[in-house]
Each structure stands twice: as structure tokens, then as C-alpha cells.
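Residue numbers (full-length UniProt numbering): 1 to 145. Remarks on the structure that follows.
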Amino acid sequence: MKKQRIKGIVLVVVCFICVLCICSGFYRVQSKELSEIPDAVNSTRFNTKEHLIVVANQEEIADKKELAKQIIKMCRENSFQSIKFSYDMVCPTELQINVYKTENDFNDNKQFCEIAYLSDEENGEYDIIHNPEKFILYVDGEKVE
């Protein structure tokens, strides 16, 4: 009888410790601070057309257009943390960017917005580094002034 009671107490204590460990793991995942600095997580290039996937690292984004300008600036300055572009041989003449708020949104395929940075002329001679004045920024298909 006494052994059964001790086994029961040990079982309750072990279960309590397991629940505590699981809860602390969920808390750490939920409380992970976001850097609020956008980062490119994927890049593909077809000729001179660059397609990026960017995680904004922000739960709340007040202004899509300002975020788009920041991301384009980071592309031009090659300042993403995870990806560095090689602009030595060829610079992009077009950018297509899918933006996600957080890494969890990216994993769940919850896209926040689409950014396009396109030349205002169709000859393809201009690139985003040397001729930014020849490009127009679009967010979700809407021209940004």
C-alpha cells in the first residue's frame, strides 16, 4: 500500500515536470523577439530578373509602402543579412519580391504583400543599381509615388 502511494506521488511529480518543460518550450517559441529588420530568405534569378522572398521580421506593419522602399534600398545596397548578391557581372533589371511578416507566416504560406520594382522603359538596358531613377515601385500592383 505504501509502495503504491510512493509510485503515485513519483508519477504525479514526473508528469508535473514534463508539463512544465513543455510549457516553457512554448513560451520560448512565443516570446522570441523579432529583429524588425527585413531579411531575404530565398533568391532566384532568371537572366536579369531577380525574384526574392523576404521576411519582414515584424508582427505589425503600419505602412506597406515604407516597408517596400526599405526592402528595395536593402536590395540596391546588398545589405540583407542572410543573402549577398553578386552584382559584379550582371545587375538585376527587375525585382519581384514576396513579403511575409514573420518566419512563421512564411512557413504557413501567409503572404503579406508583393513588391515589384520595374523599369519604366522596356528596353532592359537599365539596372536597379546604376539607374534607380528609371524604375517604378509597385506594392500589390499599385504604383508607389
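We treat Cβ as the ideally placed atom computed from N, Cα and C, and that holds for glycine.
Under the three-state DSSP convention, the category residue i falls into
| i | result |
| --- | --- |
| Leu-20 | helix |
| Asp-105 | helix |
| Lys-7 | helix |
| Glu-125 | coil |
| Glu-114 | strand |
| Lys-84 | coil |
Of the listed residues the options, nearest to residue i (C-alpha basis)
| i | options | result |
| --- | --- | --- |
| Asn-47 | Val-99, Val-90, Ile-129, Phe-135 | Val-90 |
| Ser-36 | Ile-72, Asp-88, Lys-101, Phe-85 | Note on residue identity: the sequence assigns Glu, not Ser, to residue 36. It is Lys-101 whose Cα lies nearest to the Cα of Glu-36. |
| Ala-68 | Ser-119, Asp-105, Leu-95 | Leu-95 |
| Asn-131 | Tyr-117, Val-144, Val-139 | Tyr-117 |
| Glu-59 | Arg-5, Glu-121, Lys-110 | Lys-110 |
| Glu-66 | Pro-38, Phe-106, Lys-2 | Pro-38 |
| Phe-112 | Glu-122, Ala-56, Glu-133 | Ala-56 |
Spatial distance of residue i from residue j (CA atoms)
| i | j | result |
| --- | --- | --- |
| Asn-98 | Tyr-126 | 22 angstroms |
| Ala-62 | Thr-44 | 28 angstroms |
| Glu-103 | Ile-129 | 28 angstroms |
| Ile-53 | Ile-22 | 32 angstroms |
| Gly-141 | Glu-114 | 8 angstroms |
| Lys-64 | Glu-145 | 13 angstroms |
| Asp-88 | Asp-108 | 35 angstroms |
Near the ligand ATP: residue i beta-carbon under 7 angstroms from a heavy atom
| i | result |
| --- | --- |
| Lys-65 | Of ligands this structure carries none, so the ligand ATP is not represented either. |
(request) Pick out the complete alpha helix (DSSP H) segments inside the segment 44-82, 4 residues or longer, and give them in chain order. (result) 64-77
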